[in-house]
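2 protein chains.
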Amino acid sequence: MVRVPLTISERERGERLGRALRTARAGRSIVDVATQAGISPETLRKIERGRIPTPAFFTVVAVADVLGLSLDDLLAGLGADDAAEMATLGR
Amino acid sequence: MVRVPLTISERERGERLGRALRTARAGRSIVDVATQAGISPETLRKIERGRIPTPAFFTVVAVADVLGLSLDDLLAGLGADDAAEMATLGR
DNA sequence: CATGACAGTGATACTAATACCGGTGCGCGA
DNA sequence: TCGCGCACCGGTATTAGTATCACTGTCATG
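Chains as they are written, first to last, in the working numbering: chain A, 1379 to 1469; chain B, 1379 to 1469.
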């Protein structure tokens, strides 16, 4: 086995992350935020919609920064944020 | 153009992240920390050595959590952590 | 109604992340 | 010296992330 497909739990976690980001974006447009963060609008849209469940670390950092979000706060709002559970979830 | 290769700056940023994680790991073994974080030791080793410059968000979160690191603190120790620069760097 | 900005979708293309395997080298205790 | 554990590397295999493009739908405004 080499590079196991993402589990359902992992995808759901991605959706929660996406929702949190979208909520924080509030009124601003996707294009606006994505451009400021240095990523393409499509990518941000996919992250927000949960279609990219495990985005790159620095991508999330850039978006959170543009939105004025603290990463720690962002994570706290996701629930289920203790160590192994973050990476293992329903494996 | 479709999925541009990582720039040198991005790779260097990855190396800084890796060094920070390795420093925080202190005496513990890679195997120990990786197992607790729910990832393979190889992956953690590659991240620490900078051979995975942009690891997945939740992977970093899991490792930081095991090490008792705050993500915000971790980032602060990386330097060059403002918005667009995080994702754009030398693009 | 026409136009334009934004959101959403699906396809395509290419690189990156991750896991597993086999092998190497080092230090330490039996 | 012989294991043994740990770190490291290179290769292989597979999925995921990201960008670009080409649509469609909606809604406000001219």
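Beta carbons: idealized from backbone N, C-alpha and C, even for Gly.
This structure is a prediction, so every number in the text was calculated from the model and none was measured.
Task: Where ARG1469 (chain A) sits in the DSSP three-state scheme - done: Here residue 1469 (chain A) corresponds to residue number 91 of the first sequence, with the count starting at 1. Annotation note: pLDDT 39 at ARG1469 (chain A) (below 50); position unreliable, coordinate value reported separately. The answer is coil: DSSP assigns ARG1469 (chain A) none of H, G, I, E or B.
Task: Through-space distance from ASP1443 (chain A) to THR1437 (chain A), alpha-carbon basis - done: Stepping through the first sequence from its first residue, residue 1437 (chain A) is reached at position 59. Stepping through the first sequence from its first residue, residue 1443 (chain A) is reached at position 65. Their backbone Cα atoms lie some 10 Å apart in a straight line.
Task: Residues, ordered as in the chain, of the region 1382 to 1403 of chain B that lie near chain A by beta-carbon distance below 9 Å - done: GLU1388, ARG1391, GLY1392 and LEU1395
Task: Own chain partners of GLU1393 (chain A) with C-beta closer than 7 Å, once the 5 adjacent residues on each side are dropped - done: Here residue 1393 (chain A) refers to the residue found at position 15 when the first sequence is read from its first residue. The answer, listed in chain order, is GLY1428.
Task: Nearest-angstrom Cα separation, counted from VAL1409 (chain A) out to ARG1406 (chain B) - done: Numbered from 1 along the second sequence, position 28 holds the residue referred to as residue 1406 (chain B). Numbered from 1 along the first sequence, position 31 holds the residue referred to as residue 1409 (chain A). Taking the straight line from one Cα to the other gives about 44 Å.
TODO: Spell out the partners DSSP gives ALA1434 (chain A) in its beta bridges.
DONE: Taking the first residue of the first sequence as 1, we reach residue 1434 (chain A) at position 56. B:ALA1434, per the DSSP bridge assignment.
TODO: Following the continuous alpha helix (DSSP H) through ALA1411 (chain B), name the residue where it begins and the one where it ends.
DONE: Residue numbering aside, residue 1411 (chain B) sits at position 33 when the second sequence is read from its first letter. In the sequence as presented, Ala is not what sits at residue 1411 (chain B); that position holds Val. 1408 to 1415 is the span of the alpha helix (DSSP H), which, as asked, contains VAL1411 (chain B).
Task: Three-state secondary structure (DSSP) of ASP1460 (chain A) - done: Mapped onto the first sequence, residue 1460 (chain A) falls at position 82. Reliability fails at ASP1460 (chain A), whose pLDDT of 45 lies under 50, so the model's placement of it is uncertain and the value that follows must be treated cautiously. In the structure shown, ASP1460 (chain A) sits in coil (DSSP, three-state: anything other than H, G, I, E or B).
Task: Residue from B:VAL1441, B:GLY1455 and B:LEU1453 whose Cα sits closest to the Cα of GLY1416 (chain B) - done: Stepping through the second sequence from its first residue, residue 1416 (chain B) is reached at position 38. Nearest of B:VAL1441, B:GLY1455 and B:LEU1453 to GLY1416 (chain B), Cα basis: B:VAL1441.
- [ ] Select from A:THR1401, A:GLU1390, A:THR1413 and A:VAL1382 the residue whose C-alpha is nearest the C-alpha of ARG1431 (chain A).
- [x] For the purposes of this step, residue 1431 (chain A) is taken as residue 53 along the first sequence, with counting starting at 1. The sequence given here has Pro at residue 1431 (chain A), not Arg. Selected option, being the one with the closest Cα: A:GLU1390.
TODO: Assign ALA1434 (chain A) to buried or exposed, taking buried as 16 or more other Cβ atoms, counted over all protein chains shown, within 10 Å of its Cβ.
DONE: Counting from 1 along the first sequence, the entry for residue 1434 (chain A) is found at position 56. Residue burial is scored here from C-beta neighbours: ALA1434 (chain A) has at least 16 other C-beta atoms within 10 angstroms and is therefore classed as buried.
Task: Contact with chain B by PRO1419 (chain A), beta-carbon distance below 8 Å - done: Looking up residue 1419 (chain A) in the first sequence gives position 41. With 8 Å as the cut-off, PRO1419 (chain A) does not count as an interface residue toward chain B.
Open item on the list: Going by DSSP in three states, THR1395 (chain B) sits in which element: helix, strand or coil?
Closed with: Along the second sequence, one-based indexing puts residue 1395 (chain B) at 17. Note that residue 1395 (chain B) corresponds to Leu in the displayed sequence, not to Thr. If DSSP states are grouped into helix, strand and coil, LEU1395 (chain B) belongs with the helices.
Task: Three-state secondary structure assigned by DSSP to ALA1404 (chain B) - done: Taking the first residue of the second sequence as 1, we reach residue 1404 (chain B) at position 26. Of the three classes helix, strand and coil, the one that applies to ALA1404 (chain B) here is coil, per DSSP.
Open item on the list: Is there a Cβ of chain A sitting closer than 8 Å to that of SER1407 (chain B), yes or no?
Closed with: As a first step, residue 1407 (chain B) is located in the second sequence; it is residue number 29 there, counting from the start. No, no contact with chain A.
TODO: Whole angstroms is fine: what's the gap from LEU1395 (chain A)'s alpha carbon to ALA1404 (chain B)'s?
DONE: In the first sequence, counting from the first residue as 1, residue 1395 (chain A) sits at position 17. In the second sequence, counting from the first residue as 1, residue 1404 (chain B) sits at position 26. Whole-angstrom Cα-Cα distance: 30 Å.
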